[in-house]
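These protein sequences, in sequence, are chains A and B. Here the first sequence stands for residues 1 to 164, where the numbers follow this note's numbering. Here the second sequence stands for residues 165 to 353, where the numbers follow this note's numbering. Worksheet: one structure, shown below.
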Amino acid sequence: MSQHLSSREVSQWMIGERTPQQEQHVRQCSECGAELARMEAALGLFRGSMRHWSSRQSRAEPPAVESILPVRRGPRIQPMRWALVAAALLVLAAVPIYRNVQDRQRQAEIARADALLLEQVDAEVSRAVPRPMEPLVKLVSWDFSATDGSDENRRDTTRNEEIR
Amino acid sequence: MATPGTMIAAVERSASEIDDLDTLVRLHWLRVFRFAMASLRDPDAAGSVAQDCFLRAYRSRGRFRGECSTQAWLMRIAVNLIRDHARNRRLQFWKRAPAYAVDLEAAGQWVPDGGASPESRAMAKEQLAAVWNAAGGLPERQRTVFLLRFVEDMDLLEIAAATGMKEGTVKVHLFRALQAVRERMGRSQ
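Shown next, in the form of structure tokens:
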């Protein structure tokens, strides 16, 4: 191989893909050797600077495991979770009870209203005279309770005798 | 060559290593953090990614079957987290000026003291800056493969395991990344 390494071949060399002919050429050709050395030096510098830069950072030190694992704080979180579950269950259980109480109250109110209505109907039915005639009844103060049939007959007889 | 006995021992060692989070963090934190730093170039984001990486690794340790090294497994988690983070950052419509910009610029010009001449130091700085800029502008997969190879010193098979790509795909991405870096270096000369 007499030709110099092309740019592609230099890149392939850096990956580790090289033929025996290329290796022989590089051993003999100072120009190709210098080009490969320049490339390797630049990549070596890059590695060194990157490592130097990251090692200078405060976070380069391994942290305490506790700061990585929030799971270790689990026992504190666990009761909280159980409390939430219990609260949810309580709410779920309280809803039907509350509804039941409300239903009962509503039924009691309906029953009370029904009873009142029935009382009103009874009162209307058992009235001696219709409601519009009630003022007239007050004007004529008949005392039905103090009279019976015989008294009325006696009063009629006396009245007839007087007429005669 | 690895015998079945040594392979089983390696798998058992990896599994016990993952069970012990303290050891896992102590042994691998710096590499994961460094890779995240190199990818995101943001110390805070890199710290968060590294932390999430170890948390996820620990939580999903039951799924680790020892098919790859612990290092490759952690890197695979980190690669996914970095990808998610970069996507989220792209979607942010507000951008805050990075507080570490000066630090980043200085890092891109870092050259170790080796008694070199001022000229060669200046040239080295130029080349380093070119690689930094080129690496920063690479597409996501090319950058990941490039950093795993040339910062973390991982071989192609390890990179394939860490990225979930085939070895041939890794080679293609690495080749393209190197071509881009070489082009940038050529321009800076």
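Here a beta-carbon is modelled for each residue, glycine too, at the ideal position from N, C-alpha and C.
Cβ of residue i less than 7 Å from any chain B Cβ?
| i | result |
| --- | --- |
| A/His25 | no |
| A/Gln57 | yes |
| A/His4 | no |
| A/Ser30 | no |
| A/Ala34 | no |
| A/Arg73 | Because A/Arg73 carries a pLDDT of 49, less than 50, the predicted location of this residue cannot be relied on, and no value is offered for it. |
| A/Arg47 | yes |
| A/Ala37 | no |
| A/Pro62 | yes |
Should residue i be flagged as near chain A, meaning a C-beta pair shorter than 7 Å?
| i | result |
| --- | --- |
| B/Met201 | yes |
| B/Pro356 | Nothing about residue 356 of chain B can be reported from this structure: the residues present for chain B run from 165 to 353 only. |
| B/Lys335 | yes |
| B/Gly211 | yes |
| B/Trp274 | yes |
| B/Phe218 | yes |
| B/Ser305 | It should be noted that the sequence gives Arg, not Ser, for residue 305 of chain B. It does not: the Cβ of B/Arg305 has no partner Cβ on chain A nearer than 7 Å. |
| B/Ala288 | yes |
| B/Val295 | yes |
| B/Val243 | no |
| B/Trp193 | yes |
| B/Asp184 | no |
| B/Phe339 | yes |
| B/Gln235 | no |
| B/Leu292 | yes |
Would you mind stating whether residue i and residue j have Cβ atoms separated by less than 7 Å?
| i | j | result |
| --- | --- | --- |
| B/Ala326 | B/Met239 | yes |
| A/Met50 | B/Ala286 | no |
| B/Glu322 | B/Ala236 | yes |
| B/Leu194 | B/Tyr222 | no |
| B/Ile241 | B/Cys217 | yes |
| A/Cys32 | A/His52 | no |
| A/Arg56 | B/Pro207 | no |
| B/Phe199 | B/Glu347 | no |
Might you give, ordered along the chain, the residues of its own chain that have their beta carbon closer than 7 Å to the beta carbon of residue i, omitting 5 neighbours on each side?
| i | result |
| --- | --- |
| A/Gly48 | none |
| B/His249 | Leu204, Ala209, Val213 |
| A/Arg72 | The pLDDT assigned to A/Arg72 is 48, lower than 50, so where the model puts this residue is not dependable, and the model offers no usable value. |
| A/Leu36 | Val10, Trp13, Val26 |
Which residues in the same chain have their Cβ closer than 6 Å to the Cβ of residue i, if we skip the five residues on either side of it in sequence?
| i | result |
| --- | --- |
| A/Leu84 | none |
| B/Val334 | Val309, Leu320, Ile323, Ala324 |
| B/His192 | Leu238 |
| B/Ala288 | Val275 |
| A/Val129 | Val137 |
| B/Val196 | Ala214, Cys217, Leu238, Ala242 |
| B/Met318 | Leu312 |
Can you list, in chain order, the residues of its chain whose CB lies under 8 Å from that of residue i, leaving out five sequence neighbours each side?
| i | result |
| --- | --- |
| B/Met349 | Gln291, Ala294, Val295, Ala298 |
| B/Ala344 | Ala298, Gly301, Leu302, Gln306 |
| B/Lys330 | Ala324 |
| B/Gly332 | none |
| B/Arg227 | none |
Discussion item. Taking 8 Å as the cut-off, does the region 295-314 of chain B touch the region 27-47 of chain A (at least 3 CB pairs, one atom from each stretch)?
Written reply: With the rule of 3 Cβ pairs closer than 8 Å, the region 27-47 of chain A counts as touching the region 295-314 of chain B.
Worksheet item: Between the region 333-343 of chain B and the region 7-26 of chain A, are three or more C-beta pairs nearer than 8 Å?
Response: They touch, by the three-pair rule.
Worksheet item: Pairing CB atoms from the region 55-69 of chain A with CB atoms from the region 306-314 of chain B, are three or more of them under 8 Å?
Response: Result no; under three Cβ-Cβ pairs closer than 8 Å.
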